[in-house]
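The structure appears below as structure tokens.
Structure follows, in structure tokens:
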């Protein structure tokens, strides 16, 4: 089977699978363009999905850049390559649907960045994370300099990035990298459960919350502006009326996303 | 090259700078700063030095400013004092080499700011950290309002700065204030072991990563633009070729900073 990116659906949860197990699901050009294509579709208004799971085939999330495709790469072509993959980072961070990373095996280099660009990371107890860029004489990329310090603080981010120190899932959970720990073999199930919880949450507030988090860091006043404008829009939605009704009737709300 | 107030020693690729003003518990007095600034500048310029350890003589990191001068200090002199401090902090944070703090005893006030400006903080279990400023009617300086919330989060930073709570090494390690914990009297040895790892890391990648941290906070787009330019430069470096070769040959890379 040719390497590629698969899209499956389970109700309103979309499942995106990086499939190139021979390369441990490395971010080769075909995988990168496949991910951009799939997420461009999923993040549109017209797509029915309400939450997305991102995983790797055959028990490994993603081992990062495809080192065999880096041979002979020049500085300017490298820059263009980065700019291409930034479309993917933007889709994950700015796209207004929640993305859950289901991490088994390795999330190294760009694979680590990919997991951290997601809203929630589910990992098997035996999974490993590493900002391995420095081992190749490279700096962290795919937004890791922006995402990692937000999750773990600047001291730990410096240690992980400047020493390329790998961490196991349990330590990653303690540090705030991993949101949900799962038993090996039960990662996909745990990620689906989490994705369903995101899919059932009121979609419109979460879209605005995700957009505000994507604008981080903001000074206090611009953040308060964001908040008053966003909340203003939400006060005019059907979902708010449904939420209020459900609250008074002591039942679970059914949000239509309107 | 050893002055009286700052001792300088090179061990392999690591330069040790020791504040040697034990009579004042290594307070950051004028004479200390007058020697520390050129010593740091020289270490940053020394091609054989790849990492710097900052410590204090006789089991005390630095107890802060030279309080004996504060009662008679005119406001304009006080302002100048803090600006002088800034020159040193700039060298630590904007310099291209990793700086590791080895903390025994007190890291108080300006001495606390000094430790928090470093990339990696090694502390003895019984070391003591305190933003002692408001005990004498001053506000935090030494960059702490910038560095401390990044390290330990807004809530804990407020408590340490507004209540001048004392945090020991063990507690500091738990909350992310300290990166590596050492036994009492063991901080320097532990810091040298850690510094050897920083010295072996790819020097240009370390410099680029540090430079990114020094520009914090940036938004996602600014980080992505910077990483595309930075990674482009690194992709065409000799070190990146060596890193890729070493990876494929399954050996440790030997980086030369070119």
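Chains as they are written, first to last, in the numbering used here: chain A, 1154 to 1411; chain B, 8 to 265.
Ideal Cβ positions, reconstructed from N, Cα and C, are used throughout, including at glycine.
Computed from a predicted structure; not experimentally measured.
Contact set for residue i: own chain, Cβ-Cβ below 8 Å, skip 5 residues either direction
i: residue 249/B; result: 260, 261, 262, 263
i: residue 21/B; result: 56, 57, 58, 59, 60, 199, 202, 203, 206
i: residue 1216/A; result: 1176, 1177, 1178, 1179, 1259, 1261, 1262, 1264
i: residue 246/B; result: 209, 210, 211, 212, 260, 262, 263, 264, 265
Residue i CB to nearest heavy atom of the ligand SAM below 6 Å
i: residue 179/B; result: No copy of the ligand SAM occurs in the structure displayed, which carries no ligand at all.
Contact under 7 Å by Cβ, residue i with residue j
i: residue 89/B; j: residue 99/B; result: no
i: residue 155/B; j: residue 161/B; result: no
i: residue 149/B; j: residue 117/B; result: yes
i: residue 195/B; j: residue 79/B; result: no
i: residue 32/B; j: residue 70/B; result: yes
i: residue 111/B; j: residue 66/B; result: yes
i: residue 1187/A; j: residue 1209/A; result: no
i: residue 77/B; j: residue 43/B; result: no
i: residue 1191/A; j: residue 1241/A; result: no
i: residue 1196/A; j: residue 1244/A; result: yes
i: residue 129/B; j: residue 52/B; result: no
i: residue 183/B; j: residue 1237/A; result: no
i: residue 1250/A; j: residue 1220/A; result: no
i: residue 1207/A; j: residue 1252/A; result: yes
i: residue 120/B; j: residue 152/B; result: no
i: residue 267/B; j: residue 1235/A; result: With chain B covering only 8 through 265, there is no way to say anything about residue 267/B.
Proximity winner among the options, relative to residue i (alpha-carbon distances)
i: residue 216/B; options: 1200/A, 1160/A, 1302/A; result: 1302/A
i: residue 1369/A; options: 1278/A, 1163/A, 1300/A, 1162/A; result: 1300/A
i: residue 57/B; options: 103/B, 167/B, 112/B; result: 103/B
i: residue 1254/A; options: 1338/A, 1159/A, 1344/A, 1350/A; result: 1344/A
i: residue 1203/A; options: 1276/A, 1392/A, 1360/A; result: 1360/A
i: residue 1231/A; options: 1258/A, 1250/A, 1218/A; result: 1218/A
i: residue 18/B; options: 40/B, 208/B, 50/B, 38/B; result: 50/B
i: residue 193/B; options: 92/B, 43/B, 109/B, 87/B; result: 109/B
i: residue 1311/A; options: 1286/A, 1401/A, 1334/A; result: 1286/A
i: residue 1283/A; options: 1193/A, 1291/A, 1274/A, 1266/A; result: 1266/A
i: residue 1189/A; options: 1341/A, 1169/A, 1349/A, 1297/A; result: 1169/A
i: residue 144/B; options: 169/B, 227/B, 210/B; result: 169/B
i: residue 1278/A; options: 1328/A, 1324/A, 1405/A; result: 1324/A
i: residue 1290/A; options: 242/B, 152/B, 11/B; result: 242/B
i: residue 209/B; options: 1316/A, 1402/A, 1381/A; result: 1316/A
i: residue 1163/A; options: 1396/A, 1348/A, 1384/A; result: 1348/A
i: residue 1270/A; options: 1223/A, 1246/A, 1198/A; result: 1246/A
Residues that DSSP places opposite residue i in a beta bridge
i: residue 1232/A; result: Per DSSP, none; premise fails for residue 1232/A.
i: residue 16/B; result: 23/B
i: residue 1204/A; result: 1166/A
i: residue 137/B; result: 115/B
i: residue 1215/A; result: 1260/A
i: residue 1361/A; result: Answer is none; residue 1361/A lacks a bridge partner.
i: residue 1161/A; result: 1168/A
i: residue 1254/A; result: 1207/A, 1274/A
i: residue 1238/A; result: DSSP lists no partner for residue 1238/A.
i: residue 69/B; result: 114/B
i: residue 1333/A; result: 1275/A
i: residue 1321/A; result: 1281/A
i: residue 127/B; result: 107/B
i: residue 59/B; result: 22/B, 106/B
Chain-order list of residues whose beta-carbon lies under 7 Å from that of residue i (same chain, five-residue window excluded)
i: residue 115/B; result: 70, 71, 137, 139
i: residue 1321/A; result: 1281
i: residue 1358/A; result: 1387
i: residue 1326/A; result: 1334
i: residue 1412/A; result: Past the edges of chain A, shown from 1154 to 1411, lies residue 1412/A, and the structure says nothing about it.
i: residue 36/B; result: 28, 73
i: residue 8/B; result: Note on residue 8/B: pLDDT 41, under 50, position unreliable in the model; no value is reported.
i: residue 48/B; result: 98
Spatial neighbours of residue i in its chain, beta-carbon cut-off 6 Å, leaving aside the 5 residues before and after
i: residue 14/B; result: 25, 27
i: residue 1276/A; result: 1256, 1322, 1331
i: residue 1339/A; result: none
i: residue 23/B; result: 16, 60
i: residue 135/B; result: 113, 173, 175
i: residue 1392/A; result: 1355, 1357, 1408
* **Interface positions of the segment 119 to 142 of chain B facing chain A (Cβ-Cβ less than 7 Å), listed along the chain** => Of all residues in the segment 119 to 142 of chain B, only 126, 127, 128 come within less than 7 Å of chain A when Cβ atoms are compared, listed by chain position.
* Compile a chain-ordered list of the residues in the segment 1308 to 1320 of chain A whose CB is closer than 9 Å to at least one CB of chain B. => Cβ contacts with chain B: 1308, 1309, 1310, 1311, 1312, 1314, 1315, 1316, 1317, 1318.
* Going along the chain, which residues of the segment 1374 to 1408 of chain A sit with their C-beta nearer than 9 Å to a C-beta in chain B? -> Under the 9 Å Cβ criterion, the segment 1374 to 1408 of chain A contributes no residue.
* To do: Using a Cβ-Cβ cut-off of less than 9 Å, list which residues of the segment 1207 to 1238 of chain A approach chain B; keep chain order.
  => Cβ contacts with chain B come from 1220, 1221, 1223, 1224, 1226, 1227, 1228, 1229, 1230, 1231, 1232, 1233, 1234, 1235, 1236.
* **Residues, ordered as in the chain, of the segment 152 to 170 of chain B that lie near chain A by beta-carbon distance below 8 Å** => Those residues of the segment 152 to 170 of chain B placed with their C-beta closer than 8 Å to a C-beta in chain A are 154, 157, 158, 159, 160, ordered along the chain.
* **Contact residues within the segment 204 to 221 of chain B, judged by C-beta distance below 8 Å to chain A** => Within the segment 204 to 221 of chain B, the qualifying residues are 204, 205, 208, 209, 211, 212, 213, 215, 216, 217, 219, 220.
* Could you name the residues of the segment 85 to 117 of chain B whose beta carbon sits closer than 9 Å to any beta carbon of chain A, in the order they occur along the chain? => The residues in question are 105.
* To do: Scan the segment 1334 to 1356 of chain A for residues whose Cβ lies nearer than 8 Å to a Cβ of chain B and list them as they occur along the chain.
  => Hits within the stretch: zero.
* With 9 Å as the limit, tell me which residues of the segment 238 to 256 of chain B have their beta carbon closer than that to any beta carbon of chain A; keep them in chain order. => Per Cβ criterion, the list reads 238, 239, 240, 241, 242, 243, 244, 245, 246, 247, 248, 249, 250, 251, 253, 254, 255.
* Using a Cβ cut-off of 9 Å, which residues of the segment 1291 to 1302 of chain A contact any Cβ in chain B, in chain order? -> For the segment 1291 to 1302 of chain A, the set of positions with a beta-carbon nearer than 9 Å to some beta-carbon of chain B reads 1291, 1292, 1293, 1294, 1295, 1296, 1297, 1298, 1299, 1300, 1302 in chain order.
* To do: May I ask you to list, following chain order, the residues of the segment 47 to 66 of chain B that have a beta carbon less than 9 Å from some beta carbon of chain A?
  => Nothing from the segment 47 to 66 of chain B brings a Cβ to less than 9 Å from some Cβ of chain A.
* Residues in the segment 1243 to 1264 of chain A having any Cβ partner in chain B nearer than 9 Å -> The residues in question are 1243, 1246, 1247.
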